[in-house]
Structure formats: structure tokens, C-alpha cells
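Colleague: Numbering (UniProt numbering), first residue to last: 1 to 384.
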């Protein structure tokens with residue numbers, strides 16, 4: 001049984017603005033705004049141009065825009081001071097001039113240069129015209145890569161359950177969208193049975209490291225693939241994976257999977273797409289299931305397309321299914337209950353990779369595509 005832990009890597013903090021550090025910052029800013037005709041400056045990160053390849057810090061810039069630190073009479077807006085923001089690879093598809101994903105769901109819509117970037121976050125309410133949210137309450141939802149977010153009616157925002165008593169960052173990772181994605185993808189899509197053999201790609205990422213732990217708790221045999229020796233060791237020694245390998249050291253992934261799964265694969269949780277998906281399908285057993293959660297290898301290289309052998313898919317009766325966490329909100333309460341219990345009893349660990357300050361968002365995002373992160377990538381913008 002695994003010991004409960006949260007492994008956090010922190011980058012050296014930049015020099016944030018004083019209002020980010022001061023608990024009384026909002027009150028200080030409120031006094032200041034009265035001297036500036038009721039407005040203040042809100043810093044945010046945006047793209048300079050459309051990004052159609054690997055992102056770098058140079059593709060982004062820090063801007064500021066006026067913000068009135070109060071909600072107008074009759075408004076149901078909620079103003080939130082952002083404490084943590086999530087850094088997720090799916091955002092790169094929104095930053096392209098065109099991606100077919102931009103025409104699907106609201107959270108995938110295209111971003112324009114200069115536009116604020118909405119993202120999952122955790123924050124504290126500083127002003128509210130909505131009777132459901134009170135000042136100083138902690139909330140999670142669709143906030144942004146910015147110091148403060150004005151949350152309009154209808155935008156996802158929920159109160160954080162104070163009874164859970166976990167670090168705030170968990171509500172973006174293990175108890176947030178990443179955790180729900182892992183839980184729903186594994187249990188709702190893959191429908192595991194005890195003793196089945198499971199492959200997880202990007203197994204040290206925000207979703208993958210949780211999928212592997214859910215699989216072990218379900219009595220499955222689990223192998224993870226990752227991109228460094230350090231990550232492979234972490235999967236085996238800290239997270240309880242039965243085995244793991246560095247895909248960068250393999251010249252023939254199909255043969256490598258045959259070594260790790262001599263009796264075949266029953267479930268493949270796919271976070272990368274491309275060659276790994278092809279190799280997994282080639283090694284799958286009859287009635288195997290593939291949950292397609294991400295395709296990060298293709299997000300920055302359109303030439304990397306998966307082409308699994310359809311003959312295998314047909315005659316082995318393999319199910320390949322893409323999914324989004326939003327499709328599975330009906331199991332949200334079950335997810336929170338089960339995962340919280342696993343954490344409390346030391347059966348699951350949360351890996352978090354946390355950078356400090358709004359200025360670190362561009363480099364944190366670019367690092368996802370170099371494989372820099374270990375676990376859930378977050379940026380802490382402020383303290384409670």
C-alpha cells in the first residue's frame with residue numbers, strides 16, 4: 001500500500017507585484033482604485049501570434065487591462081482573485097490559426113492574439129453580485145491565466161468543499177479535471193476487470209499517473225511508458241506500477257510492448273497518439289479497449305498520425321473511443337467520494353509540478369511539450 005504524499009517541484013519564484021503577495025492586497029487595491037476613478041490594472045498572459053508548432057516563451061506576452069474591483073448593481077458577476085491556474089496541453093490547439101477541435105466544444109474554441117486565456121483555476125472571491133458566492137469563499141472553475149477573473153453568469157464556477165481539507169491545488173489535479181478525466185476514462189470508458197493488463201502512455205503526466213494508480217487499486221497489471229529514466233523510476237518505486245519503460249530508448253515500440261505484455265494488452269489508456277497507439281493495437285487481446293484521452297505527440301506535429309491496423313481492430317473486436325471529462329459529470333460525486341477516500345487512507349499519491357508567479361506561465365506551458373513536467377503542472381499566482 002502506498003504512503004500518502006504530495007510530491008511538489010517548485011521553480012524559483014519570480015518577483016511578483018506586491019498585491020499578489022499581500023493578504024490585504026485587495027483592500028489596498030480597493031482604496032487605491034478610489035483614487036483612480038474606480039479602476040485598477042489586471043495583468044494577464046496572452047499569445048502574440050497564432051502558434052502552429054512547438055510553443056516557446058517568446059510566443060506569449062504579459063499585458064494589463066483596467067478592471068473595476070466591484071460588481072455593478074444588479075450584476076451577477078463574481079470577481080475572483082486567482083490563486084492557482086492549470087497548465088494543460090489541450091490549450092495549444094486553441095492557439096493555432098485553425099484546428100478542427102476549435103469547432104467542437106466551448107472550452108476548445110480558438111484564442112486570438114491579445115485575448116485573455118481562460119483556464120481552469122482555483123481562487124478566492126473578492127466581490128460578488130451572485131447570491132450563491134460570498135466574499136472570501138474559495139472557488140474552482142473556469143478562471144484564467146491572469147491575476148483576477150470576472151466570472152460571468154453561466155461560466156463554470158463551484159465552491160470548494162471545506163470538509164475535504166486537502167491542499168487547494170488538488171482541486172485542479174487529483175480532485176479536479178485531471179482526476180475526473182483519469183477516473184472516467186478508466187472506469188466508464190475502459191470498464192476494467194480484475195487481472196487485466198493495462199498500458200498507460202505519458203504515465204508520469206497529470207492524468208497518466210492517476211490512471212495507473214486507479215488500475216492498481218482495481219487489481220490490474222499496469223505498465224507505464226514515459227520519457228526519462230527519472231520518470232520510469234518514479235512510476236515503479238513511488239506509484240506502484242508493475243513495470244515502466246522509457247520510450248525514447250526503444251527503436252521498435254511494437255516489439256517493446258511485446259516484451260512487456262507477452263500475453264497481450266487488454267486496456268490502453270492513450271495520452272499521446274501516433275506510433276504508440278499503433279503499437280498498442282497491434283499487441284491487444286480480443287475485446288481490448290483503447291481510451292483516447294490525448295494526442296500530445298500530434299498537437300505540435302501534424303505529420304504524426306496514428307494508423308492502427310483496422311484488420312486487428314475488426315477481428316480482435318477492439319473498441320477505440322475518444323472522450324472528454326464533461327461527458328461523465330454524472331459520476332462526479334462517485335469520483336470525489338472514492339478518490340478522497342483513497343487519498344485519506346494513503347492508497348493514492350498526487351504528483352504536482354508547481355511554478356511561481358504569473359510571469360512563469362509561458363515557460364511552464366512550453367515545458368509541457370518538452371516533457372519537463374512530472375505530474376500535474378500548475379502555476380501559483382498568489383497565496384490565500
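Quick reminder that beta carbons are idealized off the backbone N, C-alpha and C, glycines included. In this text the structure is predicted, and so the values were computed from the model without any measurement.
(1) Counting only runs that start and end within the region 231-296, where is the beta strand (DSSP E) found for 3 or more residues in a row?
(2) I believe residue 321 touches residue 282 by the beta-carbon criterion, under 8 Å. Please report the beta-carbon distance rounded to the nearest angstrom.
(3) Could you give the DSSP three-state label for residue 114: helix, strand or coil?
(4) Quick check on DSSP: helix, strand or coil for residue 130?
(5) Give me the residue from 178, 181, 219 with the minimum Cα distance to residue 198.
(6) CA-CA distance, residue 149 and residue 308?
(7) Quick check on DSSP: helix, strand or coil for residue 225?
(8) Only counting the same chain, and skipping five residues up and downstream in sequence, which positions put a Cβ closer than 7 Å to that of residue 394?
(9) Tell me the rounded alpha-carbon separation between residue 300 and residue 371.
(10) Have a look at residue 412 and residue 112 and give me their C-alpha separation to the nearest angstrom.
(11) Give the range of the alpha helix (DSSP H) segment to which residue 105 is assigned.
(12) Between which two residues does the beta strand (DSSP E) harbouring residue 353 extend?
(13) Helix, strand or coil, according to DSSP, for residue 47 in the structure here?
(14) Helix, strand or coil for residue 40 per DSSP?
(15) Exposed or buried, residue 181, counting other C-beta atoms within 10 Å across all chains shown (16 or more means buried)?
(16) Look up residue 91 in the DSSP assignment and say whether it is helix, strand or coil.
(17) Please report the straight-line C-alpha distance between residue 85 and residue 178, rounded to a whole angstrom.
(18) In terms of alpha-carbon separation, which member of 60, 64, 66, 81 lies closest to residue 95?
(19) Closest to residue 52 by CA distance: which of 77, 91, 80 is it?
(20) Report the rounded CA-to-CA distance for residue 241 versus residue 207, giving the unit in angstroms.
(21) Within 10 angstroms of its Cβ, does residue 310 collect 16 or more other Cβ (buried), or is it exposed?
(22) Let me confirm a value: residue 123 is counted as buried when at least 16 other C-beta atoms fall within 10 Å, else exposed. Which label applies?
(23) Pair every Cβ in the region 230-244 with every Cβ in the region 267-286, then say whether three or more of these pairs are closer than 8 Å.
(24) Reducing DSSP to helix, strand and coil, say where residue 337 ends up.
(25) Comparing alpha-carbon positions, which option in 384, 265, 344, 330 lies nearest residue 193?
(26) Can you tell me where the beta strand (DSSP E) holding residue 183 begins and where it ends?
(27) In this structure, what does DSSP give as the bridge partners for residue 82?
(28) Mind reading off the beta-carbon distance from residue 384 to residue 166? Whole number of angstroms is fine, and I expect it under 8 Å.
(29) DSSP has residue 211 in a bridge; who is on the other side?
(30) Between which residues of its own chain and residue 169 is the CB-CB distance below 6 Å, once the five residues before and five after are set aside?
Modeller: Result, derived from the coordinates:
(1) Listed in chain order, the complete beta strand (DSSP E) runs (minimum 3 residues) inside the region 231-296 are 243-246, 265-270, 284-292.
(2) Not confirmed; about 18 Å, so no contact.
(3) Here residue 114 sits in coil by DSSP.
(4) Taken through DSSP and simplified to helix, strand or coil, residue 130 comes out as coil.
(5) Comparing Cα positions, the closest option is 219.
(6) CA-to-CA, the gap between residue 149 and residue 308 works out to about 43 Å.
(7) Taken through DSSP and simplified to helix, strand or coil, residue 225 comes out as strand.
(8) One cannot answer for residue 394 here, as it falls past the ends of the chain, which runs 1 to 384.
(9) A direct Cα-to-Cα measurement between residue 300 and residue 371 gives close to 13 Å.
(10) Because the chain in this structure spans residues 1 to 384, residue 412 falls outside the shown range and cannot be described.
(11) For residue 105, there is no enclosing alpha helix (DSSP H), as DSSP marks it with neither H nor E.
(12) Annotation for residue 353: the continuous beta strand (DSSP E) segment containing it runs 350-356.
(13) In the structure shown, the three-state DSSP call for residue 47 is strand.
(14) Residue 40 falls in the strand class under three-state DSSP.
(15) It is buried - the Cβ of residue 181 has at least 16 other Cβ atoms within 10 Å.
(16) Residue state, collapsed to three classes: helix.
(17) Rounded to the nearest whole angstrom, the C-alpha separation of residue 85 and residue 178 is 13 Å.
(18) In terms of CA proximity to residue 95, 60 leads the group 60, 64, 66, 81.
(19) It is 91 whose Cα lies nearest to the Cα of residue 52.
(20) Put simply, the backbone Cα of residue 241 is about 14 Å away from that of residue 207.
(21) Its Cβ having fewer than 16 others within 10 Å, residue 310 is exposed.
(22) Residue 123 comes out buried.
(23) With a cut-off of 8 Å, the region 267-286 and the region 230-244 do not count as touching, because too few Cβ pairs lie within range.
(24) Reduced to three states, the DSSP call for residue 337 is helix.
(25) It is 265.
(26) Element bounds for residue 183: not the beta strand (DSSP E) but the alpha helix (DSSP H), 177-183.
(27) As DSSP reads the structure, residue 82 sits in a beta bridge with 123.
(28) About 14 Å separates the two Cβ atoms, so there is no contact after all.
(29) For residue 211, which the question treats as bridged, DSSP gives no partner whatsoever.
(30) The residues are 84, 352, 378.
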